[in-house]
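Undergrad: Chains as they are written, first to last, in this note's numbering: chain E, 1 to 432; chain A, 433 to 864; chain H, 865 to 1296; chain V, 1297 to 1728. Glycine included, C-beta positions come from ideal geometry on N, C-alpha and C. This one's a predicted model, so the numbers in the text were calculated from it and none came from an experiment.
1. Cβ of residue 803(A) within 9 Å of Cβ of residue 825(A)?
2. Our contact map puts residue 1607(V) next to residue 1661(V) with C-beta atoms below 8 Å; I'd like the distance itself, whole angstroms only.
3. For residue 1040(H), count the other beta carbons within 10 Å of its own beta carbon; 16 or more makes it buried, fewer makes it exposed. Which is it?
4. Roughly how many angstroms lie between the CA atoms of residue 841(A) and residue 749(A), to the nearest whole one?
5. Could you tell me whether any Cβ in chain V is nearer than 9 Å to the Cβ of residue 1024(H)?
6. Could you pull out every residue in the same chain whose Cβ sits closer than 6 Å to the Cβ of residue 552(A), ignoring the five residues on either side in sequence?
7. Please list, in chain order, the chain V residues whose beta carbon lies closer than 9 Å to that of residue 251(E).
8. Are there 16 or more other CB atoms within 10 angstroms of the CB of residue 522(A), so buried, or fewer, so exposed?
9. Alpha carbons only, please: which of 1348(V), 1331(V), 1317(V) is nearest the one belonging to residue 1441(V)?
10. My output table needs one value for residue 905(H): the three-state DSSP class, helix, strand or coil.
11. Measuring alpha carbon to alpha carbon, tell me which of 1214(H), 1053(H), 1129(H) ends up nearest residue 1104(H).
12. Name the residue from 173(E), 221(E), 188(E), 200(E) whose alpha carbon lies nearest to the alpha carbon of residue 475(E).
13. Kindly indicate the opening and closing residues of the alpha helix (DSSP H) around residue 78(E).
14. Looking at residue 1677(V) and residue 1439(V), is the spacing between their C-beta atoms short of 9 Å?
15. Can you tell me whether residue 1315(V) is buried or exposed? The criterion is at least 16 other CB atoms within 10 Å of its CB, across all chains shown.
16. What are the start and end residues of the alpha helix (DSSP H) that includes residue 1315(V)?
17. Where DSSP assigns a beta bridge to residue 652(A), which residues make up the other side?
18. Taking C-beta pairs closer than 7 Å, name the residues in chain E that residue 704(A) reaches, listed in chain order.
19. Given that a residue counts as buried once 16 or more other Cβ atoms are within 10 Å of its Cβ, and exposed if not, what is residue 729(A)?
20. According to DSSP, simplified to helix, strand and coil, what is residue 413(E)?
21. For residue 1449(V) versus residue 1695(V), is the C-beta distance shorter than 9 Å?
22. What separation, rounded to the nearest whole angstrom, lies between the Cα atoms of residue 179(E) and residue 190(E)?
23. Going along chain V, which residues have a C-beta under 8 Å from residue 219(E)?
24. Once DSSP output is grouped into helix, strand and coil, what is the label at residue 935(H)?
25. Could you check whether residue 1255(H) and residue 1271(H) sit closer than 9 Å to each other, using their CB atoms as the reference points?
26. Quick one, which of 1727(V), 1309(V), 1307(V) has its alpha-carbon nearest residue 1521(V)'s?
27. For the region 1381–1401 of chain V, enumerate the residues whose C-beta is nearer than 9 Å to any C-beta of chain H, in chain order.
28. Span of the beta strand (DSSP E) holding residue 1143(H)?
29. Please check if any C-beta of chain V sits within less than 9 Å of the C-beta of residue 900(H).
30. Between residue 863(H) and residue 1064(H), how many whole angstroms is the CB-CB distance? I'm expecting something under 8 Å.
31. Only counting the same chain, and skipping five residues up and downstream in sequence, which positions put a Cβ closer than 8 Å to that of residue 1326(V)?
32. Three or more beta-carbon pairs under 8 Å between the region 555–566 of chain A and the region 70–85 of chain E, yes or no?
33. Nearest to residue 411(E) by CA position, among 96(E), 34(E), 203(E), 253(E), is which residue?
34. If residue 1548(V) sits next to residue 1523(V), beta carbons under 8 Å apart, how far is it from one beta carbon to the other, in whole angstroms?
35. Hey, out of 527(A), 678(A), 821(A), whose CA is closest to residue 484(A)'s CA?
36. What is the DSSP secondary structure of residue 257(E), counted as helix, strand or coil?
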């Protein structure tokens, strides 16, 4: 299957069920601040309406858990299989992605009923399954939970894009998304030694997605990595230095995107008199120098690094560094509720790597391709990650909108190099 | 101004205010069966969301009546002028039409509050205006009422298109839109003599839009006009005879549309086994032979007429015929609530022209161009009709979704020749 | 057939054959200044390569004359029917128009051989045909000749567009295309009375295209028409007065074209320091005030007229005026070889209408629709004009690149309202 | 600079000049079979006209050699710098790539004169340069020669595409492109051991492009590589097995390309009754089973490998294998003049790797990204390879249209994953 996990003891089984229920509940909590009108809009083909996310994650359990494992189960609605299948070719035809915003029915309330009905059936399955059945079902429930967590992040990315298209610029949630802290500039370089031959990839303890393995050896030479993320203030200097006007800083495809898309700053930045304002899930505010920059494409991150006389780390370098750093400092993720990257805490001691998990997904220099000897699991679930292994770049870390516990140092996120609506930023690396 | 009306006596003034209030109320009644989710969707650039119609008609009163005439009036929201201006260049910038479906806020409820606030201000204006002010304001109120009636029809056309894009095919309103009646085939030809030189255009008694004048003489030679509309049953024969596969029946642009759009039947027809089903505002039902065909483009109407060995009437011919016919048989319009064209009532005596006002807008052979000596009124209101006088064809009559009293024999409706989402059908003519 | 002509006596027959040969020869003369490379390029879908014009006009004779009338005739090449059919659906499949510029073979030389072979076969047909056969064939030869004359004009329009896309701006033929003459400004209004009921359309004496008939009565009220064409100098004032920046001057479709196409001046005008340069078939020169403006779209002509407080004449008005004016002053057409409109000759006496035939095609206010009782001839030849009767506007007069004798006062040329690559200009009209 | 080469002794210097002259001459020989008409056409944005290739390679010498190094040099034509710059942003503005086919002038003959003039100036430079100058110039001449060799291959790829768009399907050069040989099926697996840590990348002896270095260590685990290329016969089985209809075989982007492009077979294959015909530079012939398949995209190669239960090799694996194999068997390249891949010679002994250099470029599993510590040379020449390092996949080997001596085991060719007009094929690999 797309996610892999070690054999389950009773504690682990209980944790899976607990996470399932908490995750199902949290999705509804994330949709709660939204009006029914907000939940319908698809502002570009990459974006899905909120109520689609709520329904699709439910369809996932219906299709991969209830239909094969709950005897006599009948789908809640015969058309939902068509409407809420995202991209699983082997499951059957599906509604075209760019048209998700045309579907006003089922309404938000009907989607809520759909969710409740499936939750009840999942409860019934858990109550009635024998040991063997539970052993088969629990990994699927875990995968469905992880899948829904991914969609919680997408839900927030997507509604941010939707609101940004409205001249009224509604806030998802009022309140401060920006912390006032001193700007700890410049960043420091941290030397990463590593062993000449180092293993990367998930070691099989706990849940991981299929694309995180197989674990395998790589050569990583010593290099240096910045101790923190690139900030809005640093990006402002890049803009002022003509960063978006100098072809020599850009990959050819990136320069074409600058021209065709009219990029002059990160997504959600707007000229505001002499300065810039930044749209966040908490509303619009002026550029805030110490806050990590977010919503830049790979092309922009790559151009910035070139301008700064540095480069992006490879995904193997990042993983080696993150593994050795421990990455345990209490990340700024969804649980914190800030919904925006935060300036580096001045209390964090110098010398280590900060902001690794949480805040923003960090673009790496690595194209998203399969690890050596990777094979996707058989069946439709094998489409989860494997078929997307071309045309995208790897991001590592996790973001301020990533559910707690969802990410880890081996986690491979991926987006096309021109995508900007994810919470993506960067950290610099350089050769020694 | 875009609409012109004779001097107002007290009765007329009272009628204008009564119509205004009834029309404002009816818009809300038409939106009432819809969920908030339904009111957000824009299924193609030509379609506007329901809540946009509700807000735009309100903005029209705010901009052309309250702002210039109610002392001290302040707009309900500073951004609504930008969001709800449809196409008036002289009023200022406006939100791009194809993006109306991206705007979830203001919500339906907030739009309702906007409408109520503007209605209160209109009441205040009517109560406080002196005679001179009333004389200036009443024609604008009449125009705003007529404008809102046009949008009531658009609201229904648009929501029908929205629902048709949903595989669930929701009905706007359950209930029979189709009347069971005998098929009175074939149609009869009615000879129209006319005078050699005949005046056409509005004569100035009562309200008319600017494009209906100036009244002017035309030459109309005797011709024949069918006594009723072309029906679904007749269209089925055309389809079965390869009507959509024979290039020689089509104008060149029309044939290109057949190919690029994949037309094989009128809009909202779907293959259903060996036959066809038709989507109506009351849901989906099988083809019903005696019902007039609707949702055909000018290109299709023109090809059908050629196939039938006939032609479409010119707009002048239609008007001359409709004027002489009296057109008073109690049309199937919005007041009747059928929301779909109806078969010819067998009680209608033969020999006359039936179904002239109501049922479907009838495509004519005439390009939409200004009448001789036409000049639009000065200012933004002059954009109402004048600037659209290229690239479109004239339709006459009115439809089952046209508010009662809104149309008349001189009324010039217009759509691009490939448009199919209006309630457009046809009646045949031929030379003698 | 698409062209209609009265019964042929011997003189007329001889004239047809003489014209045929002269026209065939002239096509090759027009291509002579061009390199093989020039004859291949298609600079936009509307444009055809020179060698395609040379081949297509030949195919026309092969298909409509030789194949049906020369016993045992075999096409020169089996693939040419596919490659060189322009738009005749009833003749069979054909090569897609936008891909004509991809076809390097047959080469120019091979096309020359194709032309020679067909000419020989036409000679053979003329020599061997009996009287009855000649009577059937001569009208087709006349139509083919007229058709080839139309393509001579297209050939020049098209190569001008091709050369304009080359930064080197090659000239088709060096030499002065511009005559130095005093600017006879302003234009004078000429009152056109007409009879209240006037016939328009071709009267059947001599050749005419099918779309020029049937002759029929129209009502034309007295109006005024400018004695000459609008000039480059007048257009410059329009540009300087913000003509391309004021939405209120434009039809809605026209304003959209201004925005999407970035129009700021007529086609082939380029900013040159403070002024403008104009690209002609003789190369680039500065704006020349007394020269008639050319390469403006209907939308621009319409906007200019509105700005000037005037309007465009209807096609009926133009025809009535041109018929009464006699139109015999020795037009600036292809025979003169100037290949560009010329300033009004100061020798032309005031009081009459100058520049009617020749110089530029004059946009009218009339949409291109069939005359009353028009029916196209049966068969493929009926596609010649009839199927294009939607979406275009009528132009009258003829241009500096129109072969001598090709045009006449009843001639109906037509182009889409946004087209600018034809030699199209305008003359103003106004109501009395 | 973009190409790097070791210090030059006299022999090497002489060889560079000899290669330069031979290469310049060969370009003209390759264009010789073409008519002027053929040399103008651009059949898609990726394709350039033949005369553009002839001019651009000349511009390269003018810009990077003559202008900086020949005192007093003046460009042959002031506009050629604009017309014939391909993509060097730092050299200045340039003519848009998709419009190269609109440029009929300079003619082929004028391009020939341009080439001769630049050749004369290069001779002058070589004769007049002192030692220091020669040392600076020779590496640039070598780079320009290598660059022109790349364009020789492009010239042939491009004209093949041009001719394929013509229903006449002209041949570039008549004569047999296909050798009749027995089909040596199936292929054999060759085990590649390698060292655990192996260097890859160019070692600096002789010319190499910048993207082939720096040489660096990689980990390559033992694997198996097919002894020969995948053939037309094998691909036919894939097609017959529904290879183009089974989504599960494809990457998601690849499957989208299958749908949008309508792929059902390699490029240049056409259904021919029950079988397939294949268009080659020598004309059209039936599928020939033993001939290696060519003109498949990365997506097709990847899907085929998955279907075959194998995979594509990484570029490091391919290089290690090719280096150990020696790759010296006399490749089928441009010198042989077959212009199409050839069946495996039965004389080649089993057990080794055949067809490594020549025949077809082999898709690898590797995204085209910079090697560790890669930095492009400063200045415009640094744009040669570096800025294209995103969105493409690496191909290795060389093809039947690659000039002799141009390729080597470390050579990194690259194309977008959907590209099919290069001479691209594949060889399978698998894990042990």
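TA: The answer reads as follows:
1. Their beta carbons are not under 9 Å apart, which means residue 803(A) does not touch residue 825(A) by this criterion.
2. 7 Å
3. The residue is exposed, with fewer than 16 neighbouring Cβ atoms inside 10 Å.
4. Taking the straight line from one Cα to the other gives about 11 Å.
5. no
6. If we look at residue 552(A) and ignore the five residues flanking it on each side, it has no Cβ neighbours.
7. 1682, 1683, 1684, 1685, 1686, 1687
8. exposed
9. 1317(V)
10. coil
11. 1129(H)
12. Outside the shown range of chain E, which is 1 to 432, sits residue 475(E), and nothing can be said about it.
13. Run containing residue 78(E): none; DSSP gives neither H nor E here.
14. Yes, they are a contact pair.
15. buried
16. 1306–1327
17. Bridge partners of residue 652(A) according to DSSP: none are assigned.
18. What residue 704(A) touches in chain E: nothing, since even the nearest Cβ is about 17 Å away.
19. By the 16-neighbour rule on beta-carbons within 10 angstroms, residue 729(A) is buried.
20. When DSSP states are grouped into helix, strand and coil, residue 413(E) belongs to the strand group.
21. yes
22. 25 Å
23. 1493, 1513, 1514, 1515
24. In this structure, residue 935(H) counts as coil in the three-state DSSP scheme.
25. no
26. 1727(V)
27. 1391, 1395, 1397, 1398, 1399, 1400, 1401
28. 1139–1144
29. yes
30. Lying outside 865 to 1296, the shown extent of chain H, residue 863(H) is not represented and no answer is given.
31. 1448, 1451, 1452
32. no
33. With distances taken between CA atoms, residue 411(E) lies nearest to 203(E) out of 96(E), 34(E), 203(E), 253(E).
34. The Cβ separation is near 32 Å, so there is no contact.
35. 527(A)
36. helix
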